[in-house]
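Structure first, then comments.
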Amino acid sequence: GDPGLRQFGYELFANAVATTGPLTGAVGDDYVIGVGDDVVVQLQGATNDSQTSRVGRDGRLIVGQLPPVAAAGRSIGAVKRDLQLAVRRTLLGTEVFVSLGSVRSVTVFVGGEVDRPGQYNMTSLSDISAALAQAGGVRRSGSLRNVRIVRAGSSLSVDLYGLLGIGAPPSVRLRDGDRVIVPVIGDTVAVSGAVARPGIYEIRPGSSLASVLGYAGGALRPRGNAIAVSRIGADGREQYLRVPTLSTTVVAGDGIAVTGGSAGGAVGRVSLRGYVANPGARALGAAPTVHDLLGEVADLRPDTYLPMAVLIRRDPTTAARVFEPVNLVAALNIRPGVALRSDDRLYVFSRSDIEFLNRTPVRRVVLGQPNSLPECASLTRLELLVAEGQSAARFNVVTRGSFIVERNGRSELAAGNQSDNARGGDTGTRQDGDVTLLRGEGQQDVRPANTTADQTRADTAAADAQDRRRNNELANNRLAYVRGENFEARQRLRDIREDANCPIIFEEEPDLLPVLIENAVAVGGAVRRPGAYPVAGAASATDMAGVAEGLLPNASALTLDVNRASAGDGMPSRVAVNADPYALQSTKVSAGDDIRFNAGQVQFEPGGVQLTGEVNRPGLYAIRRGETLSQLITRAGGLSTLAYPYGTVFTRRSVKELEQEGLRRTSRELTTALLAVSSRKETTGDSIIAGQKLIAQLARVESPGRVVVEADPRVLQTRPDLDTILESGDAIVVPKKPSFVLALGDVSNPGALQFTSGKTLASYLRDTGGLQSTADKNRIFIVMPDGTATPVSVGGWSRAAANVIPPGSTIIIPKNIDPLYKLDLIKDISTIVASLLTSVATVAILATR
67 GDPGLRQFGY ELFANAVATT GPLTGAVGDD YVIGVGDDVV VQLQGATNDS
117 QTSRVGRDGR LIVGQLPPVA AAGRSIGAVK RDLQLAVRRT LLGTEVFVSL
167 GSVRSVTVFV GGEVDRPGQY NMTSLSDISA ALAQAGGVRR SGSLRNVRIV
217 RAGSSLSVDL YGLLGIGAPP SVRLRDGDRV IVPVIGDTVA VSGAVARPGI
267 YEIRPGSSLA SVLGYAGGAL RPRGNAIAVS RIGADGREQY LRVPTLSTTV
317 VAGDGIAVTG GSAGGAVGRV SLRGYVANPG ARALGAAPTV HDLLGEVADL
367 RPDTYLPMAV LIRRDPTTAA RVFEPVNLVA ALNIRPGVAL RSDDRLYVFS
417 RSDIEFLNRT PVRRVVLGQP NSLPECASLT RLELLVAEGQ SAARFNVVTR
467 GSFIVERNGR SELAAGNQSD NARGGDTGTR QDGDVTLLRG EGQQDVRPAN
517 TTADQTRADT AAADAQDRRR NNELANNRLA YVRGENFEAR QRLRDIREDA
567 NCPIIFEEEP DLLPVLIENA VAVGGAVRRP GAYPVAGAAS ATDMAGVAEG
617 LLPNASALTL DVNRASAGDG MPSRVAVNAD PYALQSTKVS AGDDIRFNAG
667 QVQFEPGGVQ LTGEVNRPGL YAIRRGETLS QLITRAGGLS TLAYPYGTVF
717 TRRSVKELEQ EGLRRTSREL TTALLAVSSR KETTGDSIIA GQKLIAQLAR
767 VESPGRVVVE ADPRVLQTRP DLDTILESGD AIVVPKKPSF VLALGDVSNP
817 GALQFTSGKT LASYLRDTGG LQSTADKNRI FIVMPDGTAT PVSVGGWSRA
867 AANVIPPGST IIIPKNIDPL YKLDLIKDIS TIVASLLTSV ATVAILATR
């Protein structure tokens with residue numbers, strides 16, 4: 067039987083409260099008066115009087131001058147009539163009104179299957195339910211159908227089912243000396259299935275199946291029910307019996323199961339579900355086709371996804387569920403259209419439902435990674451199918467999206483995403499053996515093949531934790547982070563909040579998600595929203611561009627690249643065509659195919675270039691692909707008369723990142739080496755402190771990312787090979803011609819010196835007060851205005867070379883590093899000192915500009 071069934075009726079006394087205080091309200095004329103009851107008699111008319119009289123021990127009621135009236139054992143209605151008759155005989159013109167005052171107390175014993183058997187004082191108005199409530203109610207082992215009241219040697223049976231709506235409620239009032247006995251429960255039967263009130267019911271001998279079903283409130287369906295009766299036979303085994311009629315007698319221990327309707331579903335019904343204005347059931351006669359079920363295209367809700375709906379029906383031969391893709395465009399415009407059968411269900415999707423296919427949780431499951439939304443029934447279903455080895459061919463279309471490849475410590479975009487489309491090409495490719503790690507929205511990290519399993523698990527756990535911390539920010543500002551130490555990029559989200567919940571339609575029918583994925587086409591390239599889009603049957607390239615929200619505005623000189631999942635029907639497995647309107651319409655794709663819209667190279671780079679300083683029209687300029695520095699200067703109106711092109715400061719973001727990474731790497735290497743030599747006896751504390759200070763200073767250096775360029779238009783006109791090709795994010799400062807030379811480092815008075823043509827290095831150094839005793843004469847170098855550095859020495863500097871020092875140059879005099887010679891790192895430190903001072907000098911020049 068059903069373990070969830072409960073005995074019927076025993077909750078009747080669960081919350082009952084025993085009443086022992088004074089009772090209020092009118093008493094019916096059937097109340098039987100007893101010795102000790104107070105009767106209130108009021109006379110009105112010729113005689114006005116009111117008095118309360120108590121029934122005496124002799125059972126009589128004496129009221130004023132009226133003759134005694136026999137009251138005990140009689141109903142209050144009968145006593146009232148006797149008093150009215152006596153008043154009419156004795157007191158002319160007077161009416162009498164009779165009511166019950168305080169009632170007598172009675173003593174009742176309650177025993178048997180109750181929680182607290184014993185003797186209880188109650189009022190004469192109390193009934194059997196009040197007595198049982200005083201005793202704590204009936205135990206589940208007690209009978210509710212045969213409670214006995216023993217009174218003056220006779221026994222009265224009371225059926226408490228009357229208090230529960232089955233039969234008439236009992237109307238027996240208790241009398242002094244009554245005994246209420248609850249015997250052990252009688253015969254029971256269990257009723258389960260499609261009834262209003264399943265449960266275990268106590269029956270009387272000879273009860274019919276119809277009466278027992280009445281106890282359970284009857285079957286939920288008025289017709290078409292199947293009833294099965296299980297009965298314990300004489301041999302102790304359970305037997306299932308055929309029920310000829312509802313008048314069949316049931317016996318103790320029977321189990322009655324009611325099955326409502328046929329397992330084959332409804333007849334003559336079709337259902338419309340999902341993203342529609344009026345979902346629900348329809349009569350098949352009124353909607354014999356999909357067109358009739360949906361109406362016209364204008365009747366559909368905005369953002370309805372038309373390339374594919376799913377029709378769920380049963381195979382007429384095997385009764386198995388069948389999922390049939392339906393193209394709503396064709397179904398609504400072509401007659402007679404898709405015919406429906408009884409009990410068909412048509413599911414219509416919204417664009418938001420389809421976008422869920424391209425979410426990170428779906429791709430994680432398809433790639434065999436942990437399900438990040440286990441509460442979603444559709445993803446759990448998909449996870450089971452993938453675990454069965456059905457991922458490779460059926461579902462891999464959703465993994466052909468944008469990837470982030472991490473290789474050699476750098477993150478690169480691979481495959482075409484929206485950023486690639488703007489640039490018109492890919493920036494990276496995957497390699498054999500790479501490990502794909504899906505992270506946040508639109509992020510898939512590909513680790514090199516030599517990454518260990520522990521590293522992969524650790525990276526995945528750290529990335530998941532970081533994603534959870536950023537989730538609120540992502541939902542608020544709708545920006546997705548592309549993680550990477552040296553890669554800075556952000557992409558707009560379609561709807562980040564959808565990532566946190568499964569669409570309702572997939573929760574209602576979890577098998578819809580796998581069906582959509584296996585019928586999807588991967589769309590990429592120069593479209594507004596690349597991704598996987600399900601289609602019913604074959605779709606044209608024009609249709610696929612439409613579902614991806616159209617081609618990008620810069621999609622000129624378009625070509626198509628189609629990779630088919632199968633080369634059937636005489637179609638080649640790969641197609642590459644020039645995408646004129648005819649080709650777009652005639653090129654067909656179907657489930658599992660991959661179509662990419664390849665645009666010609668865009669004219670402009672994303673972002674811009676900042677040109678400031680001594681140009682006629684400084685500002686932020688958009689640049690074309692391949693545009694050079696000289697072309698930009700020409701667009702800016704050329705250089706001003708005060709311009710000093712030799713001192714042009716050209717900075718590039720990618721160069722800055724490379725330089726910063728080099729400084730960090732060198733700092734780490736120096737730290738490791740310094741720790742290694744610090745344990746040697748010959749290493750002094752001063753040497754270690756000096757090395758630590760140098761490393762700390764190195765860590766604080768911020769590289770400007772300067773690139774040495776030729777910016778003089780006259781030179782570039784004759785030497786076009788020196789003309790630098792610009793990149794987005796470049797910054798160019800053309801300074802005025804300076805009138806000074808900087809002298810920095812270990813000199814008596816470092817600073818800016820007046821430039822004098824023909825002045826020698828030695829002269830400039832004398833103007834600073836000369837070198838300090840700690841200066842290193844052999845490592846002096848000059849930073850030219852264009853950022854190049856030239857090593858010199860005081861002794862080797864000739865007067866003939868004096869004109870090499872142009873205005874705006876910086877003379878660097880480093881400190882002698884002999885105190886660090888005891889370290890084995892002297893060569894590396896010397897190199898770093900030179901690089902450090904060069905960077906400092908470059909930053910100083912930038913600041914002065």
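Residue numbers (this note's numbering): 67 to 915. Each residue gets a CB set at the ideal place from its N, CA and C atoms; glycine is no exception.
Rounded to whole angstroms, what's the CA-CA distance from residue i to residue j? Just pull it up for me.
i, j, result
"Val376", "Arg460", "17 Å"
"Ile916", "Tyr281", "There is simply no residue 916 to check, as the chain begins at 67 and stops at 915 in what is shown."
"Pro851", "Ala709", "13 Å"
"Ala443", "Pro580", "12 Å"
"Met188", "Phe175", "10 Å"
"Gly319", "Asn567", "48 Å"
"Val316", "Gly252", "14 Å"
"Gln132", "Arg154", "For clarity, residue 132 is Leu in the given sequence; the question names Gln instead. The alpha-carbon atoms of Leu132 and Arg154 are separated by roughly 10 Å."
Terminal residues of the continuous alpha helix (DSSP H) containing residue i?
i, result
"Pro580", "578-584"
"Ser277", "275-281"
"Ala349", "It is not in any alpha helix (DSSP H) - Ala349 instead sits in the beta strand (DSSP E) that spans 346-349."
"Ala742", "719-743"
"Arg154", "142-156"
"Glu161", "No alpha helix (DSSP H) holds Glu161; the beta strand (DSSP E) holding it covers 160-166."
"Ser418", "417-421"
With distances taken from CA atoms, which of the options is nearest residue i?
i, options, result
"Ser769", "Val799, Arg719, Pro672, Ser171", "Arg719"
"Asp311", "Leu132, Ile293, Gln783, Val169", "As written in the sequence, residue 311 is Thr, which differs from the Asp given in the question. Residue Ile293 is the option with its Cα nearest to Thr311."
"Val774", "Pro368, Leu788, Gly290, Leu230", "Leu788"
"Glu77", "Ala112, Gly111, Val204", "Val204"
"Pro693", "Glu671, Arg662, Arg466, Val593", "Reading the sequence as shown, one finds Glu at residue 693 and not Pro. Closest option to Glu693, Cα to Cα, is Glu671."
"Gly674", "Ala665, Gly685, Asn664", "Gly685"
"Gln651", "Gly658, Leu618, Gly666, Ala604", "Ala604"
"Leu226", "Ile247, Arg217, Ala262", "Ile247"
"Arg182", "Thr189, Ala197, Ser116, Met188", "Ala197"
"Arg270", "Arg263, Ile232, Ala300, Ser237", "Ile232"
"Arg241", "Thr840, Tyr186, Asp365", "Tyr186"
"Asn664", "Ala631, Arg690, Leu617, Gln676", "Leu617"
"Arg401", "Arg683, Gly658, Ala614, Pro354", "Pro354"
Consult DSSP for residue i and reduce its assignment to one of helix, strand or coil.
i, result
"Tyr830", "helix"
"Arg447", "helix"
"Tyr648", "helix"
"Met610", "helix"
"Ile293", "strand"
"Leu760", "helix"
"Phe461", "coil"
"Ala256", "strand"
"Lys881", "strand"
"Leu891", "At Leu891 the pLDDT is 47, less than 50, meaning the model places this residue with poor confidence and gives no usable figure here."
"Thr325", "strand"
"Asp124", "coil"
"Arg595", "coil"
Less than 8 Å between C-beta atoms, sequence neighbours within five positions excluded: which residues of the same chain meet that for residue i?
i, result
"Val392", "Val356, Met374, Ala375, Val376, Leu377, Val404, Leu412, Ala602"
"Thr834", "Ala809, Val813, Ser814, Asn815, Pro816, Gly817, Leu819"
"Pro779", "Ser696, Ile699, Thr700, Gly704, Leu705, Pro711"
Tell me which same chain residues have a C-beta within less than 7 Å of the C-beta of residue i, skipping the five on either side of it?
i, result
"Ser438", "Pro427, Arg430"
"Ala136", "Gly125, Arg126"
"Ala138", "Ile99, Gly100, Val101, Val121, Gly125"
"Gly340", "Tyr413, Val414, Phe415, Ile571"
"Arg772", "Val715, Phe716, Thr717, Gly853, Thr908"
Suppose the cutoff is 6 Å on Cβ atoms and the five residues either side in sequence are ignored; what does the same chain contact list for residue i look like?
i, result
"Ile323", "Here residue 323 turns out to be Ala, not Ile, going by the sequence shown. Cβ neighbours of Ala323 beyond the five flanking positions: Ser258, Gly259, Ala294."
"Arg217", "Asp244"
"Glu573", "Ala443"
"Ala80", "none"
Which residues mark the beginning and the end of the beta strand (DSSP E) in which residue i is found?
i, result
"Pro373", "370-380"
"Ser220", "220-224"
"Ser875", "Unbroken run through Ser875: none, as it is neither H nor E."
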